[in-house]
Every structure is written in C-alpha cells, then in structure tokens.
C-alpha cells in the first residue's frame, strides 16, 4: 500500500478541538502504515507492541501492505476487542469524545488506481480531523478532503478497546 501525506494545516483554536491525549505515535516506514497505526492504538490501551514486531507477523510482501482483517485478528490475539465496520463522522466524534482512538483506512489514489493508507484518528473540530498519519503526529486534515478519501474505502473503521 502506498502512502503520501496531506500538508498539515493549523488547527483553529484549542477551545474548539476535541483531542484524545497521550496516543503513542510511531512514524511509519515504507508500506508500514498498518503496523504503525496498530502499535499506537495497542500501546494506548497498555498492550506493548512495536510496528516492527507487528509487521513481522502481519505485513504482506505480495500486497505491499497490511490486510484489514489481519489487523483485526492481531488486536484480538493480544486480548483486545477489535471491530471493523463502515463508520461515519458522528461515530468518530462519539469515539473521540469517549476516549477511544480509531484506525481508519483512506484511499489517496485516483480513478481506478488505489493508494490505501491507515491512520489513527485522535481528534476533531468543526473544520477537520486530527490524525497520527505516516510520519506526521497530530496532522490536521480538512474535513472535505478526509471524507472524500475515507469514502473511497466505504468508510472502513477499526475500533479497538479493552474487553
């Protein structure tokens, strides 16, 4: 899975920002957005994991990335509840407000060319969302851009929580 970054924009004001504090950030290596995202959320819930260790178990060389279902199964094997579903903006707000970071899959490709990328959603305001994505911690993504790229994956979302 290939990845590129959206330019980080300033967030309007702290009074309008909803943010989950202390979500660990792991800058991703090439094609390692899945393991990096998963490591951040697992460590947030107190399960020690590294992107390298996760990648050794679930990275697919033939796919040049990580399969969605392998991320779900990996979190479950670590004793966490992991549910994948088609999310929405209200769901992001509800989970951020309750302190649960989400992993989402976006597609930065065009036409029939896919460029899938996993990221951790940890905040939002009226103008966009805040994510740990690629090599950028707390990256602000304008709402319109985010919804367009997320929609291309049918709003794929992974919620991981303690059992």
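Numbering (our numbering), first residue to last: 919 to 1081. Glycine included, every Cβ here is placed at the ideal spot set by N, Cα and C. Since the structure is predicted, the reported quantities are computational estimates derived from the model, not experimental observations.
Local conformation of residue 1072 per DSSP, three classes: coil
Alpha-carbon to alpha-carbon, residue 936 and residue 989: 26 Å
Through-space distance from residue 1016 to residue 1048, alpha-carbon basis: 16 Å
Residue 1041 versus residue 1076: straight-line alpha-carbon distance, rounded: 15 Å
At least three beta-carbon pairs within less than 8 Å, the segment 1051 to 1067 to the segment 1029 to 1043: yes
Range of the contiguous alpha helix (DSSP H) that encloses residue 1019: Note, residue 1019: premise wrong, no alpha helix (DSSP H); not H, not E.
As assigned by DSSP and simplified to three states, the class of residue 943: coil
Paired residues, beta bridge with residue 989 - DSSP: Partner(s): none; residue 989 has no beta bridge.
Beta-bridge pairing of residue 1039 - partner residues as DSSP gives them: 1020, 1049
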